[in-house]
Amino acid sequence: MFTGIVEEVGTVEALEPGRDDAGAVVDARLRVRGPLVTSDAHLGDSIAVSGVCLTVTELPGDGTFVADVMPETLRRTALGDVAPGSPVNLERALAVGGRYGGHVVQGHVDGVGRIVARTPGPRWDDVEVALEPELARYVAEKGSITVSGVSLTVTHVSDDGFGVSLIPTTLEATTLGTLGVGARVNLEVDVLAKYTERLLTNAGVLR
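Going by the UniProt record's numbering, the sequence shown opens with residue 1, and the numbers climb by one from there.
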């Protein structure tokens with residue numbers, strides 16, 4: 001479990017694709033440099049990489065960690081876009097008793113959105129993100145959404161997108177400060193909205 005409060009911006013050191021007999025990419029091995037998140041990491045720990053919960057499989061001891069990226073993750077997220085040198089948002093799993101600064105984040109990406117507009121303000125940026133219609137129903141004005149691992153408050157919604165405002169800290173301390181129009185971002189909607197819909201559908205309240 002995470003909260004969407006990025007602890008550091010790490011750097012991708014390697015993304016090694018695994019291929020099937022036909023040469024198609026089916027999975028990948030990702031190595032990321034993150035001195036803070038690896039400072040107390042152990043094998044089997046969970047670290048969110050730009051919103052994607054990954055399991056630490058190797059700890060070389062040099063401030064990097066290695067994780068395996070499964071086919072489902074490559075299909076459903078933008079992790080396949082990264083390359084050596086790419087910055088990524090990093091967050092360790094929430095420790096029991098830790099401060100809950102964001103919202104409930106599982107690290108289970110629901111889909112990939114795309115930045116379609118960015119308007120600089122005096123000290124903040126207003127950003128518009130397009131998303132698939134099937135995800136739009138889970139997004140509510142003043143509700144929470146996770147964008148590439150960052151917990152944000154939705155400023156407004158439409159049938160195919162939503163807006164967020166990025167404060168100076170978010171601009172400086174996450175990758176969202178540098179992403180331009182056209183960039184793909186990992187999206188995780190509020191899990192409480194999904195469970196509520198499921199329960200109400202099963203109870204016959206929603207159809």
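Quick reminder that beta carbons are idealized off the backbone N, C-alpha and C, glycines included.
{"Item": "4 or more residues per run - each alpha helix (DSSP H) lying fully within the UniProt domain \"Lumazine-binding\" (104-200)", "Value": "133-136 and 168-173"}
{"Item": "Where A48 falls, given that 16 or more other Cβ within 10 Å makes a residue buried", "Value": "buried"}
{"Item": "One or two residues paired with R33 in a DSSP bridge", "Value": "T11 and T64"}
{"Item": "Length of the line joining the Cα atoms of G4 and G204", "Value": "33 Å"}
{"Item": "Under 7 Å between C-beta atoms of A14 and P84", "Value": "yes"}
{"Item": "Span of the alpha helix (DSSP H), counted from its first residue to its last, around P71", "Value": "P71 to R76"}
{"Item": "7 Å Cβ cutoff met for D27 and G34", "Value": "no"}
{"Item": "Short Cβ contact (7 Å threshold) for G163 with E134", "Value": "no"}
{"Item": "Chain-order list of residues whose beta-carbon lies under 8 Å from that of V37 (same chain, five-residue window excluded)", "Value": "E7, E8, G10, I47, F65, L90, E91 and R92"}
{"Item": "Expected contact under 8 Å - CB spacing of V52 and G107 to nearest Å", "Value": "6 Å"}
{"Item": "Nearest residue (CA-CA) to G172, options G161, R123, T153 and I145", "Value": "Here residue 172 is Glu; the residue named in the question, Gly, does not match the sequence. The shortest C-alpha separation from E172 is found at R123."}
{"Item": "Inter-stretch contact (C-beta, 8 Å, three-pair minimum) for the region 186-196 and the region 145-153", "Value": "yes"}
{"Item": "Distance between L200 and E16 (C-alpha atoms, nearest Å)", "Value": "43 Å"}
{"Item": "Nearest-angstrom Cβ-Cβ length linking D45 and T57, presumed shorter than 8 Å", "Value": "Not confirmed; about 10 Å, so no contact."}
{"Item": "Residue from H103, L131, A78 and V109 whose Cα sits closest to the Cα of V116", "Value": "L131"}
{"Item": "Contacting residues, own chain, Cβ-Cβ under 6 Å from V112 (five flanking each side not counted)", "Value": "A78 and R184"}
{"Item": "Which residues DSSP lists as bridging L43, in chain order", "Value": "L43 pairs with nothing; no bridge assigned."}
{"Item": "Enclosing beta strand (DSSP E) for V88 [first to last residue]", "Value": "P87 to R92"}
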